[in-house]
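There are 2 protein chains.
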Amino acid sequence: MRFVLGIDIGGTNLVVGSVAEDGSSIVATASEPTQAEAGTKDVLERLVGLAERTIAATRRESPDAEILGVGVGAPGPLDTRRGIVLLTPNLGWVNLPLRQIIHDRLGLAAALDNDANCAVLGEWWVGAARGARQAIGITIGTGIGGGLILDGKLYHGASDVAGEIGHTTIDTEGRRCKCGNYGCLEAYASGPNIALRAVEEIEAGAVSRLPSLVNGDLRRITAQTVYQAAQDGDELALEVVNDTAKFLGVGIGNLLNVFNPEVVVVCGGVTAAGDHLFVPLRREVARRAFKPAVAACRIVPGALAGTAGVYGAAKAFLDQTARA
Amino acid sequence: MRFVLGIDIGGTNLVVGSVAEDGSSIVATASEPTQAEAGTKDVLERLVGLAERTIAATRRESPDAEILGVGVGAPGPLDTRRGIVLLTPNLGWVNLPLRQIIHDRLGLAAALDNDANCAVLGEWWVGAARGARQAIGITIGTGIGGGLILDGKLYHGASDVAGEIGHTTIDTEGRRCKCGNYGCLEAYASGPNIALRAVEEIEAGAVSRLPSLVNGDLRRITAQTVYQAAQDGDELALEVVNDTAKFLGVGIGNLLNVFNPEVVVVCGGVTAAGDHLFVPLRREVARRAFKPAVAACRIVPGALAGTAGVYGAAKAFLDQTARA
């Protein structure tokens, strides 16, 4: 059997998986915390270790396994053509020739793509967007990223920057974003900003059981705390989730009017909010976007929690190899 | 020589041109006011008349001319595959099989596409976006439309709705738009809304020479009046143009972060404002979008004023024929 190694480099975790060439399964996987503060060399060393362990586990599972190569999904901006990570604020990497490093260390052909692109490519290959000609993925975590499948192909744009959905303005004079801009979607609906909006309301006097879930230490409120409280019926948490749905609805409505996709896949911890999120989100999109665009499009949670990036990195390798 | 007829059906004017197959020139052209209020039958009759006169003029110019077919650009939404205009509020057409009608009346093969798509396709074929792999066009008139050239091809989306840039939200709680939504780019930066913002300021007491340009009848202020006053140094008009640039900058900045195009072409009367518009527009985009996306992209006025739609309709015919 033939496999491709998929590597998903996140700010929080490094994940490696051995993906069957047809996308049918992941036969071996390994992961550990990224710990970027340990430095580039240390992170790369441990990443190579994870990959070697995954290769060994693959051969144990399937003694005649052939490993075709390795796809790497990394935060950007990147130069995918040259295989270079230009800059990753969270990891502190600058102009890192990651594709070459992985190739040299593992002795395998390698490909590099953006982490959000890989997540979307994974969902499109074997997950919630399977079979769509036009698909958009939004990854919601510490930041908000995205990727576009257009006419059945991952779309990179003129200089690999396409898909930065989190940094589209939904409110010209709105909240300040980490990127320096005002009113970006990410400034409202990323994990930390979902938590922040809840904390702001509590500090302004809103009644909620959220403080009791974190022993009164508001800094410990995360988006997950908010979803949990919402599931338990907490009114403030429900309001924060509902507002999140509206903000995402504005951003996704814009994408429907510009791209007219068949499916929008929402990935990340935010999907834990379930119908509390998706019902008002779909309603907001329907209110804002054109009817034919709304009628053409499903808006669904990702189907590959935790592995979309690994599947997608493997698929990115297969696609880049096929093109080359 | 071989020609394709290009037809541009606008809310204000019907324009027909005979386009050389290689896009090098328009050898004959004819146009007249649309006068939609005269009814569908009357408009179609006059449109066929214009086409016949253009064909006759082409044969006079070039006695051995071969007319390959006719491309029609019409307001949408459309079903391009079936050649049907689904609905055009400005013209009052519903489910009109326009491609078949034109084919039957002229005895020529015909193709149909969205008017904004045609304008962008024209600018990409022989105008300001020539040669770009990724290009976005924005047409600013009574409304704001748009079209996308992605990986060297006009992009239609899942159901022909792609490119509705005018109906992307730039302010969640913003101005009411004709489409029913709030805060659409069009609600700020279409021709009528540029004029409306100036009138609102005058009614609120702003000093301006604009009223004197329309003999005190504020209803007669159009976007063109505003550009003219801005060129003459009127402060209110300059402020309105500057605000227009900022609103367009937000919308175009969003497109840069999502599409990462090589060029954005701005078409329509608004380009008459020249540097008063383009300088602050480019500044706003640079302030909002990611540096690599800004660095990759030119933002330029259209080069084919009045004929982009005709060139593009002809090109749409050639492309649809090549695919069939």
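The listed protein sequences derive, respectively, from chains W and U. Using this note's numbering, read the first sequence as starting at 13 and increasing by one per residue. Using this note's numbering, read the second sequence as starting at 13 and increasing by one per residue. Glycine included, each C-beta is placed from N, C-alpha and C at the ideal position.
Rounded C-alpha distance that separates D183 (chain W) from I264 (chain U): Within the first sequence, residue 183 (chain W) is the residue found at index 171, counting from 1. Within the second sequence, residue 264 (chain U) is the residue found at index 252, counting from 1. Distance between the alpha carbons of D183 (chain W) and I264 (chain U): 14 Å.
Same chain only: Cβ atoms within 8 Å of C189 (chain W), ignoring 5 sequence neighbours per side: Residue numbering aside, residue 189 (chain W) sits at position 177 when the first sequence is read from its first letter. For C189 (chain W), where only same-chain residues beyond five positions count, the Cβ hits under 8 Å are H179, G195, C196, E198, A199.
Interface flag, V82 (chain W) vs chain U, CB-CB below 7 Å: Position 70 of the first sequence holds residue 82 (chain W). Not one chain U Cβ lies under 7 Å of V82 (chain W).
The region 122 to 136 of chain U contacting the region 157 to 173 of chain U, beta-carbon criterion three pairs below 8 Å: yes
Validate contact between the region 138 to 145 of chain W and the region 92 to 107 of chain W using beta carbons, cut 8 Å, 3 pairs: Output reads no: the region 92 to 107 of chain W does not touch the region 138 to 145 of chain W.
Min CB distance L260 (chain U) to chain W below 7 Å: Residue 260 (chain U) sits at position 248 when you count from the first residue of the second sequence. Chain W, which has no Cβ nearer than 7 Å to the Cβ of L260 (chain U), makes this no.
Residue-chain proximity (I182 (chain U), chain W), Cβ-Cβ < 7 Å: Here residue 182 (chain U) refers to the residue found at position 170 of the second sequence. It does: the Cβ of I182 (chain U) has a partner Cβ on chain W nearer than 7 Å.
Residues that P304 (chain W) contacts on chain U, provided the C-beta gap is smaller than 7 Å: Here the question's residue 304 (chain W) lines up with position 292 in the first sequence. Result: P89, S171, V173.
Distance, A123 (chain U) Cα to G95 (chain U) Cα: Walking along the second sequence from the start, residue 95 (chain U) turns up at place 83. Walking along the second sequence from the start, residue 123 (chain U) turns up at place 111. Going by the C-alpha atoms only, they are around 7 Å apart.
Beta-carbon contacts of G321 (chain W) that lie in its chain and below 8 Å, excluding the five residues immediately before and after: Position 309 of the first sequence, counted from the start, is the residue given in the question as residue 321 (chain W). Contacts found: G18, D20, G22, V27, G85, D127, C130, A131, G134.
Same chain, Cβ closer than 6 Å to I152 (chain W), five either side skipped, listed in chain order: Along the first sequence, read from residue 1 onward, the residue named residue 152 (chain W) stands at position 140. Around I152 (chain W): G280, V282.
Option in U:A235, U:N272, U:V82, U:F329 with minimal Cα separation from R117 (chain U): Here residue 117 (chain U) refers to the residue found at position 105 of the second sequence. Checked all of U:A235, U:N272, U:V82, U:F329; the closest Cα to R117 (chain U) is U:V82.
Three-state secondary structure (DSSP) of E57 (chain U): Counted from its first residue, the second sequence places residue 57 (chain U) at position 45. Helix at E57 (chain U).
Residue nearest to A307 (chain W) in terms of C-alpha spacing, selected from W:L289, W:V276, W:Y323: Translated into the one-based positions of the first sequence, residue 307 (chain W) becomes position 295. Of the listed residues, the one whose Cα sits closest to A307 (chain W) is W:V276.
CB contact check: R300 (chain U) to chain W, cutoff 7 Å: Taking the second sequence and counting its residues from 1, one reaches residue 300 (chain U) at position 288. Chain W contact via Cβ: present.
Cα-Cα separation, W105 (chain U) to L90 (chain W): Here residue 105 (chain U) is taken as the residue at index 93 of the second sequence, counted from 1. Here residue 90 (chain W) is taken as the residue at index 78 of the first sequence, counted from 1. Looking at the two C-alpha atoms, the distance is approximately 48 Å.
Neighbourhood of L260 (chain W) by C-beta distance below 6 Å, restricted to the same chain and skipping five residues each side: Translated into positions along the first sequence, residue 260 (chain W) becomes position 248. Contacts found: A201, L293.
Residue ranges of each alpha helix (DSSP H) within the region 97 to 139 of chain W, 4 or longer: 110 to 118, 127 to 138
Reference L25 (chain W), options W:R58, W:S36, W:V252, closest by Cα: Counting from one through the first sequence, the residue named residue 25 (chain W) turns up at place 13. Per the sequence shown, residue 25 (chain W) should be read as Asn rather than Leu. The option with the nearest alpha carbon to N25 (chain W) is W:R58.
Own chain residues within Cβ distance below 8 Å of L267 (chain U), not counting five before or after: Locating residue 267 (chain U) in the second sequence gives position 255, where the first residue counts as 1. Only I148, I177, P273, V276 meet the Cβ criterion.
Rounded Cβ spacing between T319 (chain W) and G51 (chain W) (contact assumed at less than 8 Å): The count along the first sequence starts at 1 and reaches residue 319 (chain W) at position 307. The count along the first sequence starts at 1 and reaches residue 51 (chain W) at position 39. The pair is not a contact, with the Cβ atoms about 27 Å apart (cut-off 8 Å).
Start-to-end residues for the beta strand (DSSP E) that takes in R231 (chain W): Here residue 231 (chain W) corresponds to residue number 219 of the first sequence, with the count starting at 1. In this chain, R231 (chain W) is not harboured by any beta strand (DSSP E), its DSSP state being neither H nor E.
Given K53 (chain U) as reference, the closest of U:P223, U:L110, U:E33, U:Q243 once Cα atoms are compared: In the second sequence, the residue the question calls residue 53 (chain U) occupies position 41. Checked all of U:P223, U:L110, U:E33, U:Q243; the closest Cα to K53 (chain U) is U:L110.
Under the three-state DSSP convention, the category V173 (chain U) falls into: Translated into positions along the second sequence, residue 173 (chain U) becomes position 161. Three-state result, V173 (chain U): coil.
First and last residue of the uninterrupted beta strand (DSSP E) at I150 (chain U): Translated into the one-based positions of the second sequence, residue 150 (chain U) becomes position 138. Per DSSP, I150 (chain U) belongs to the beta strand (DSSP E) from 147 to 152.
Limits of the unbroken alpha helix (DSSP H) element including E247 (chain U): The residue given as residue 247 (chain U) occupies position 235 in the second sequence. Taken as a continuous stretch (DSSP letters only), the alpha helix (DSSP H) holding E247 (chain U) covers 247 to 271.
Whole-angstrom distance between A210 (chain U) and G217 (chain U), CA atom to CA atom: Taking the first residue of the second sequence as 1, we reach residue 217 (chain U) at position 205. Taking the first residue of the second sequence as 1, we reach residue 210 (chain U) at position 198. Each residue's Cα considered, the two are about 11 Å apart.
N- and C-terminal bounds of the alpha helix (DSSP H) containing F290 (chain U): Here residue 290 (chain U) is taken as the residue at index 278 of the second sequence, counted from 1. DSSP places F290 (chain U) in the uninterrupted alpha helix (DSSP H) bounded by 287 to 300.
Contacts that A308 (chain W) makes with chain U (C-beta to C-beta distance below 8 Å): One-based indexing of the first sequence puts residue 308 (chain W) at position 296. What A308 (chain W) touches in chain U, judged by beta-carbon distance under 8 Å, is G169, A170, S171, V173, going in chain order.
For A42 (chain W), the residue or residues it bridges with in DSSP: One-based indexing of the first sequence puts residue 42 (chain W) at position 30. According to DSSP, A42 (chain W) bridges with W:V28.
Assigned exposure category for Q47 (chain U) - 16 Cβ within 10 Å defines buried: Looking up residue 47 (chain U) in the second sequence gives position 35. Q47 (chain U) is exposed by the Cβ-count criterion.
Pick from W:F290, W:L222, W:S37, W:T41 that is closest to A235 (chain W), judged by C-alpha positions: Start at 1 with the first residue of the first sequence, and residue 235 (chain W) comes out as number 223. It is W:L222 whose Cα lies nearest to the Cα of A235 (chain W).
Straight-line Cα distance separating A257 (chain W) from I311 (chain W): By one-based count along the first sequence, residue 311 (chain W) stands at place 299. By one-based count along the first sequence, residue 257 (chain W) stands at place 245. Separation of I311 (chain W) and A257 (chain W) (C-alpha to C-alpha, rounded to the nearest whole angstrom) is 12 Å.
Within 7 Å, strictly: CB atoms of A249 (chain U) and I233 (chain U): Mapped onto the second sequence, residue 249 (chain U) falls at position 237. Mapped onto the second sequence, residue 233 (chain U) falls at position 221. Contact flag unset, no.
Neighbour flag for E135 (chain W) against chain U, beta carbons, 7 Å: As a working mapping, residue 135 (chain W) is identified with position 123 in the first sequence. Output row for E135 (chain W): interface = no.
Local Cβ density within 10 Å of S171 (chain W), reported as buried at 16 or more and exposed below that: Residue numbering aside, residue 171 (chain W) sits at position 159 when the first sequence is read from its first letter. So S171 (chain W) counts as buried.
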